[in-house]
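Asker: First, the structure itself, so that you have it in front of you.
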Amino acid sequence: MAPPLQAEDEGGAPDPVISDASKFEAWYAVYPRDQNKPAARREWAKTRADHPADLLARTKQFARSVHGKSLEFVKHPATWLRERAWEQVQAQGPSPEFLAWLDSPAGRAHTARKESGL
């Protein structure tokens, strides 16, 4: 299970938090299937993404890929979050928000931790 959403990294900066309501609403509006929103909200509160802006960008890419198709085989939103399905979506490129975050002190610290194997 993922650590708590508001855990702090070794430098004292908060990890990327995606649990606030406005971010959920923005994500849910993009997800192509409107099914059991309360369950999706509960999974959202548990979800910890390394790059929240990337999660949204990949969700948008996924929504474009299934646009106009039958949603019968599209996972429910809660399932998609629980299974971290956004990690399987090939994004067209990093979002401007992600690139800005990557260039921020938190992004540089995250990159340094990844490169050092921590």
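Residue numbers (numbering that gives the first Met the number 0): 0 to 117.
By construction, the Cβ of each residue, glycine as well, lies at the ideal position given by its N, Cα and C atoms.
Note that this is a predicted model, so its numbers are computed, not measured.
Can you give the Cα-Cα distance for arginine 40 and serine 115, rounded to whole angstroms?
Answerer: When rounded, the distance between both Cα atoms is 34 Å.
Asker: When the distance is taken between beta carbons, is leucine 80 closer than 7 Å to threonine 110?
Answerer: No.
Asker: For serine 103 and glutamate 71, what's the separation of their Cα atoms in angstroms?
Answerer: Rounded to the nearest angstrom, the two C-alpha atoms are 41 Å apart.
Asker: Which of helix, strand or coil does DSSP assign to threonine 78?
Answerer: Note: threonine 78 maps to helix in three-state DSSP.
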